[in-house]
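S.K.: The sequence shown runs -23 to -1, 1 to 59 under mature numbering (1 follows the signal peptide of the UniProt record, and there is no 0).
Glycine residues also receive a C-beta, built at the ideal position from the N, C-alpha and C atoms.
Being a predicted model, the structure only gives us computed values, none of them experimental.
One structure, pasted below without further comment.
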Amino acid sequence: MSKLTVLCLLVLCISGCVITIDAASFICRKPNQEWTECGSACPRTCNQLKDRLCTQQCIRGCRCNRGYILNNNGECVLLKHC
């Protein structure tokens, strides 16, 4: 094998590992959450039920599924469980 072939294989292997690691970060580990590329910086919580003024920006990360809100422990729960 030529040095160029070995180098190309090495680059492909490393980039494949990086892509795998990045994809794993898109999994939300807590129940009733989903990954979003553009979520609110001010999500609704049990302590803050009304919508509040918030800067309009996209926050990448996990957010509560529709119908769920954050409780004091950072878990997504139904409103009736607040």
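Helix, strand or coil for Leu55? Go by DSSP, reduced to three states.
M.R.: Under the three-state reduction of DSSP, Leu55 is assigned to strand.
S.K.: Tell me Ile46's beta-bridge partners as DSSP assigns them.
M.R.: Val54
S.K.: Between the beta-carbon of Cys5 and the beta-carbon of Glu14, is there less than 8 Å?
M.R.: Not closer than 8 Å, so no.
S.K.: Mind checking whether Cys53 and Cys23 have CB atoms under 8 Å apart?
M.R.: no
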